[in-house]
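Chemist: Dropping the structure in here first, questions after.
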Amino acid sequence: MRKRILTGILILAIFTASTGLVFADDSSSPADGADYAINVLASKGAIEIISPKGNIIVQDSVLISVKVLNNASVILTIYKEPGTKPIFGPQKIEPENNLNFYTKHLKGLTPGDYKMRFDIQNKEPVIKRFTVKDKEAEIRQSLKQIPKMNILGNLFKQLSQ
Amino acid sequence: MVSFKKEQFKTILLVFLILMSMMLAHQLWMDVPLWRFLSSKPSGNMELGKKEGIVNISDAMSPQSITVNFGGGLHTVLYADAYGLWEKVLQILQEKNATEIDIQEVDALKWKEAQNVKSIEMKFACRMPIEILSKGIQGAFKDKIAFADSILLLLIENNPVYMADSQEEKYYRLASSKGIQDELIEKVNQIESKEYTHYYPIEDIYGVSNYRLMPVEWTESLPEIKTVPEMDAADDLGIKSFAGTFFGENFDFVRKIRETTGSVIYTYGYGKKSLKINSLGVAEYIEEIDPQKTAASVGVWEAFQIAFQFVQEHGGWTYSDGNSIKPFIKNIVPVEREKRKGYRFIFGYRFNDVPVYHPPQIAGEALEVEVIGSQVNYYKRFLKEKASEAVYEYERELEYDDGLEMMVVTDIINKNFDVIEKDYLRNQGQNIKEMDEEKIRDEILESMDSIGLGYYDQSAEKIEVLGPVWILKVGNITYYFDVYDGSIVSRFEN
């Protein structure tokens, strides 16, 4: 009888014990209301940055997609901070036809902070920053943050109450 | 002692029954038994045809492309199944039998969310009847889902499966308690660890509401291929051997006609059966409808098996070198002939692991089989084979410093957007022309279907050449772009 009671309590404790939930971190898509790390210095009407959307990239590549507006003359340069030597560019963005999109897929990025600088003729430059994080490290970090299950501890706590 | 022998006998009988079940299940799914298809069974001393390669029936219903979603916004697309993913997905579908499945209809948003999870998506070239996708489907399952043109298998616990019927804008979630296929996850990890072509949703490239995928780079190169038609109407011995598979022991009573155009026609019984091979190498077989064979209609799965076996016995599913043509099903059309119902199955094939397209004005589809009841009354076959000399590199002068490089798809769209826009405006009429120019561009980008890679039969312009192309569908027009210079090779209004 005692065994049955103890077994029943154990099962109840398992169901009611605190658990941790893991969510996949899709950092390439921003959460609602997320702040973009865009430093727009009075250059509206020149470019529209389609990608990257957020400022955290959890992979070693990034898609850069920019729509050039009003036939603006734009030069793109990308730096890995805190360095001053470009890792890409300066590249003049010259979209063909009236589609006016510029697309570039950058690969081989190492973890760290990056800065994209769009120099626009007769206007202030547009700066966008993003951070590249190591995917495996991010997964390990997320797993560490899961609260550990302490079934026996919780059981004793409940029994003593 | 007696009871011990009895138990021993029972054990041996049980083991025997299990082994028989495994053998019969393998026979039924992976290899179609020949004796079932008496109407198309070759007889007598005729050879089966020049090729006897083995292609499983599951290969003939394979998807046209496979999208691998790695999670975190990373995707790639495979145009041929080099990793055996389709076979594994079929096994999972087979394991999920109807009694254990919980089927829910979901909205497009749920489907889109599922695509962002680590998963494999099988995309078919047409709406596949559910009976063909999973033979074990019965009752409630079939009542809820009739067709699917995509299957999405999530590589998470319990492998939930999503199916989509895009034409009807219906999406379904199938959940069961079956476990994860570790081997499938391993294959996806293997793909991810290698260099692969990154695909991004069109919305991430152009900022419009379109979740279809587009490559932003291309890491391989596809050469032009010099080809010959599989059938040569001038090759008497070759076509006689092929014709023999249709007429069997009645070949002595078959009449042969050679037309001035170069076509060859074999007829039997005043047109009861006829086979024509034209100068381009297109073979067409027509058989009069037999009331007895077509008295009872068969289901789409049985008709599919009949079609598969018919091709197997008349030309086969391989090239003359024994390699598989890597078929995939392009369309299944219900038909009715002389008040009898049946199906027309249209198959595509691949070259260098990408689909081959023939222009309609030359030959159209590669393989077509029409099944009425249990009789095949129409069969068309037009395949290209690699010419005997070695594949040659394309030698056009290009403006790129590196020489032979495939253009990035976005650059090709940029280059041809004026033409695409003009075609779109012409088809949409006056209303759209009054719209803001930017809104027109956004609408065009939103109507772009996924871009695909293939080979285009350029026989009309160049003698016997398959040229690599990107295929893009915008609205009701399909464009074929040369992968190297981005020019429009062809375009068709659907």
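These protein sequence lines are chains U and G, in that order. Start counting the first sequence at 1; every next residue gets the next number (the numbering used here). Start counting the second sequence at 1001; every next residue gets the next number (the numbering used here). All C-beta atoms in this analysis are idealised placements derived from N, C-alpha and C, irrespective of residue type, glycine included. Please read these numbers as outputs of a predicted model, since none were measured by experiment.
So what does DSSP say about Phe1382/G, is it helix, strand or coil?
Modeler: Residue state, collapsed to three classes: coil.
Chemist: Contact criterion: CB-CB distance below 7 angstroms. Does Leu99/U meet it with respect to chain G?
Modeler: With 7 angstroms as the cut-off, Leu99/U counts as an interface residue toward chain G.
Chemist: Taking 7 angstroms as the threshold (C-beta atoms), are Ile1145/G and Met1163/G in contact?
Modeler: Yes, the Cβ-Cβ distance between Met1163/G and Ile1145/G is below 7 angstroms.
Chemist: Comparing the C-beta of Tyr1199/G with each C-beta of chain U, is any distance below 7 angstroms?
Modeler: Output row for Tyr1199/G: interface = no.
Chemist: Considering just the uninterrupted stretch of the beta strand (DSSP E) at Gln91/U, what are its terminal residues?
Modeler: It spans Pro86 to Ile93 - the beta strand (DSSP E) in which Gln91/U sits, taken as one unbroken run.
Chemist: Can you tell which of Tyr1479/G, Arg1491/G, Asp1457/G and Gly1452/G has its C-alpha closest to the C-alpha of Thr1197/G?
Modeler: Looking at the Cα atoms, Gly1452/G is the closest of the given residues.
Chemist: Quick one: does Tyr1484/G have its CB under 7 angstroms from some CB of chain U?
Modeler: Answer no: the Cβ-Cβ gap between Tyr1484/G and chain U never drops below 7 angstroms.
Chemist: Going by Cα to Cα distance, which pick from Glu94/U, Gly83/U, Asp60/U and Ile87/U is closest to Leu1074/G?
Modeler: With distances taken between Cα atoms, Leu1074/G lies closest to Asp60/U.
Chemist: So which residues of chain U does Ile1205/G contact, with C-beta pairs closer than 8 angstroms?
Modeler: The contacting residues are Ile50, Ser51, Leu63, Ser65, Phe101 and Thr103.
Chemist: Among residues of its own chain, excluding the 5 on either side of Ser1263/G, which ones have a beta-carbon nearer than 7 angstroms to its beta-carbon?
Modeler: Cβ neighbours of Ser1263/G beyond the five flanking positions: Ala1233, Lys1276, Ile1277, Asn1278 and Ser1279.
Chemist: Would you tell me roughly how many angstroms separate the C-alpha atoms of Trp1470/G and Phe1328/G, rounded to the nearest one?
Modeler: For Trp1470/G and Phe1328/G, the distance between alpha carbons rounds to 19 angstroms.
Chemist: With distance defined between alpha-carbon atoms, name the residue in Val1376/G, Leu1383/G, Val1298/G and Ala1296/G nearest to Leu1325/G.
Modeler: In the sequence as displayed, the identity of residue 1325/G is Ile instead of Leu. When only C-alpha atoms are compared, the closest one is Leu1383/G.
Chemist: Closer than 8 angstroms by C-beta to Ala1082/G: which residues in its own chain qualify, once you throw out the five before and the five after it? Chain order, please.
Modeler: These residues qualify, in order along the chain: Asp1353.
Chemist: Taking Leu1184/G as the reference, give the member of Ala1108/G, Ile1225/G and Ile1120/G with the closest Cα.
Modeler: Among Ala1108/G, Ile1225/G and Ile1120/G, the Cα nearest to that of Leu1184/G belongs to Ile1120/G.
Chemist: Between the alpha carbons of Ile49/U and Tyr1378/G, how many angstroms are there, rounded?
Modeler: Looking at the two C-alpha atoms, the distance is approximately 55 angstroms.
Chemist: Taking the alpha helix (DSSP H) that Ala1307/G falls in, what are its first and last residues?
Modeler: Unbroken alpha helix (DSSP H) run through Ala1307/G: Val1300 to Glu1313.
Chemist: Could you give the distance in angstroms between the alpha-carbon of Met1407/G and the alpha-carbon of Phe1304/G?
Modeler: Taking the straight line from one Cα to the other gives about 39 angstroms.
Chemist: Can you tell me where the beta strand (DSSP E) with Gly1373/G in it begins and where it stops?
Modeler: Note, Gly1373/G: premise wrong, no beta strand (DSSP E); not H, not E.
Chemist: Ordered along the chain, which non-local residues of its own chain (more than five positions away) have a Cβ less than 6 angstroms from that of Asp113/U?
Modeler: Only Glu81 and Thr131 meet the Cβ criterion.
Chemist: Taking one C-beta from the segment 1263-1274 of chain G and one from the segment 1235-1253 of chain G each time, how about it: are there three or more such pairs within less than 8 angstroms?
Modeler: They touch, by the three-pair rule.
Chemist: How would you write the range of the beta strand (DSSP E) that Gly1490/G sits in, first residue to last?
Modeler: The sequence given here places Ser at residue 1490/G; Gly does not occur at that position. Counting along the chain, the beta strand (DSSP E) containing Ser1490/G begins and ends at Ile1488 to Glu1493.
Chemist: Looking at the structure shown, is Tyr1455/G part of a helix, part of a strand, or coil, going by DSSP?
Modeler: Residue state, collapsed to three classes: strand.
Chemist: Does the beta-carbon of Ala1025/G have 16 or more other beta-carbons within 10 angstroms, so that it is buried, or is it exposed?
Modeler: Exposed, because fewer than 16 other Cβ atoms sit within 10 Å of the Cβ of Ala1025/G.
Chemist: Check whether chain G comes within 7 angstroms of Val68/U, counting only Cβ atoms and requiring the distance to be less than that.
Modeler: So no, Val68/U is outside the interface.
Chemist: Mind checking which residues open and close the beta strand (DSSP E) that includes Gln1104/G?
Modeler: It spans Asp1102 to Val1106 - the beta strand (DSSP E) in which Gln1104/G sits, taken as one unbroken run.
Chemist: Using the beta-carbon count (16 or more within 10 Å), is Leu1370/G buried or exposed?
Modeler: A small correction: the amino acid at residue 1370/G is Glu; Leu does not occupy that position in the sequence shown. So Glu1370/G counts as buried.
Chemist: At which residues does the beta strand (DSSP E) containing Leu1174/G begin and terminate?
Modeler: Note, Leu1174/G: beta strand (DSSP E), Lys1170 to Ala1175.
Chemist: Quick one: grab the DSSP three-state call for Asp1149/G.
Modeler: Three-state result, Asp1149/G: strand.
Chemist: Within 10 angstroms of the Cβ of Ala46/U, are there 16 or more other Cβ atoms? Answer buried if so, exposed if not.
Modeler: Classification for Ala46/U: buried.
Chemist: If contact means a Cβ-Cβ distance below 8 angstroms, which residues of the segment 1072-1102 of chain G contact chain C?
Modeler: In the structure shown, chain C cannot be found, because the protein chains are U and G.
Chemist: Is any beta-carbon of chain G found at less than 7 angstroms from that of Val58/U?
Modeler: Chain G, which has a Cβ nearer than 7 angstroms to the Cβ of Val58/U, makes this yes.
Chemist: Report the neighbours of Pro180/U on chain G: residues whose CB is nearer than 7 angstroms to its CB, in chain order.
Modeler: As displayed, chain U neither begins before 1 nor continues past 161, which places residue 180/U out of reach and without an answer.
Chemist: Please report the residue range of the alpha helix (DSSP H) in which Tyr1206/G lies.
Modeler: Start and end: Ile1202 to Tyr1206.
Chemist: Go ahead and label Met1020/G buried or exposed: buried means 16 or more other beta carbons lie within 10 angstroms of its beta carbon, across all protein chains shown.
Modeler: Exposed, since its Cβ has fewer than 16 Cβ neighbours within 10 Å.
Chemist: Below 7 angstroms CB to CB, which residues in the same chain sit around Ile1362/G once its five sequence neighbours on both sides are set aside?
Modeler: Here the set comprises Leu1280, Asp1457, Ser1459 and Ala1460.
Chemist: Can you name the residues of chain U whose CB is closer than 7 angstroms to the CB of Glu1446/G?
Modeler: Those within 7 angstroms of Glu1446/G in chain U number zero; the least Cβ separation is about 14 angstroms.
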